[in-house]
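> Mind looking over this structure? Questions follow.
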Amino acid sequence: MIPSSGRRLFWQTLILTRPVCYGGTFTDPDGNPNCITKVNMGGLVPKSYYFSCNKPEIGNKKSLSIPRGSKEQLEFQVKEASTVFKWDFHSEGSDIGFAVYRKEGSELIPVVPHDRVDCHLSAEEGEIPCDSTGVYVVEFDNSFSYLCSKKIWYSISIESTKSVCQNENNLDFLDA
């Protein structure tokens, strides 16, 4: 352990090597205390990074209305191992709870932990590897909302990771 006097000296030396505008003693060769030759203050943000309030494209997404105070669970059968389970969804107007489970008997094993997602601001996309076959359950949760129902637009796909079957869609929707 370093004695307190040694730590103080270390931090004091470190702080004094900072620019004058940040409490140190360092300046540019021309005497500028902001050290513009060493500290880049950034610049204009490219327009491609601006947030857009445009609604996400619906495309081939399915719609689902979730009443206030309730949950909807969708079951999907994964028929072969070494596949990727992908999702893409957005909601109209507010956030939604989201989770993915693997069904073993009557028990639901969390694969993607439950979380509230602000998918009304931008679409939520994700994927998980499916190492085993079985039923995977996607849960959209609106149980925290006492007043408003939610409408979501979603697309779920199960894709093989084998290079031969890369473009095949292996999706079976189970009726609950």
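Read in order, the letters of the sequence shown correspond to residues -23 to -1, 1 to 153 in mature numbering (1 follows the signal peptide of the UniProt record, and there is no 0). Cβ coordinates follow ideal geometry from the N, Cα and C atoms, glycine included.
Do residue 111 and residue 63 have their CB atoms nearer than 8 angstroms?
Your numbering for residue 111 matches position 134 in the sequence shown. Your numbering for residue 63 matches position 86 in the sequence shown. No, Cβ-Cβ distance for residue 111 and residue 63 is not below 8 angstroms.
> Name the DSSP beta bridge partners of residue 127, please?
Taking the sequence shown and counting its residues from 1, the one referred to as residue 127 is at position 150. Residue 127 is bridged to 43.
> Keeping to the same chain, check which residues put their C-beta closer than 6 angstroms to that of residue 44; ignore five residues upstream and five downstream.
Walking along the sequence shown from the start, residue 44 turns up at place 67. 126, listed in sequence order.
> Verify whether the separation of the beta carbon atoms of residue 135 and residue 53 is less than 8 angstroms.
Along the sequence shown, one-based indexing puts residue 135 at 158. Along the sequence shown, one-based indexing puts residue 53 at 76. Yes, these two residues count as a Cβ contact at 8 angstroms.
> Beta-carbon within less than 8 angstroms of residue 39's beta-carbon, same chain only, minus the 5 sequence neighbours each way: which residues are those?
For the purposes of this step, residue 39 is taken as the residue at position 62 of the sequence shown. Excluding the 5 residues flanking it on each side, residue 39 has same chain C-beta neighbours closer than 8 angstroms at 130, 131 and 132, in chain order.
> Report yes or no: do three or more beta-carbon pairs, one from the stretch 95 to 102 and one from the stretch 64 to 74, lie closer than 8 angstroms?
yes
> Hey, could you find the ends of the beta strand (DSSP E) residue 15 is sitting in?
In the sequence shown, counting from the first residue as 1, residue 15 sits at position 38. Note, residue 15: premise wrong, no beta strand (DSSP E); not H, not E.
> Between which two residues does the beta strand (DSSP E) carrying residue 96 extend?
The sequence position of residue 96 within the sequence shown is 119, counting from 1. Per DSSP, residue 96 belongs to no beta strand (DSSP E) and is neither H nor E.
> Compute the Euclidean distance between the alpha carbons of residue 57 and residue 82, then round it to the nearest angstrom.
For this step, residue 57 is matched to residue 80 along the sequence shown. For this step, residue 82 is matched to residue 105 along the sequence shown. The straight-line gap from Cα to Cα measures roughly 18 angstroms.
> Mark residue 25 as exposed unless 16 or more other C-beta atoms lie within 10 angstroms of its C-beta, in which case mark it buried.
Translated into positions along the sequence shown, residue 25 becomes position 48. With fewer than 16 other Cβ atoms within 10 Å, it is exposed.
> DSSP state of residue 78, grouped into three classes?
Counting from one through the sequence shown, the residue named residue 78 turns up at place 101. Three-state result, residue 78: strand.
> With distances taken Cα to Cα, identify the nearest neighbour of residue -4 among -10, 9 and -13.
Taking the sequence shown and counting its residues from 1, one reaches residue -4 at position 20. Closest option to residue -4, Cα to Cα, is 9.
> Identify which residue in 88, 3 and -9 has its Cα closest to the Cα of residue 13.
Your numbering for residue 13 matches position 36 in the sequence shown. Minimum Cα-Cα distance from residue 13 among the listed residues 88, 3 and -9 corresponds to 3.
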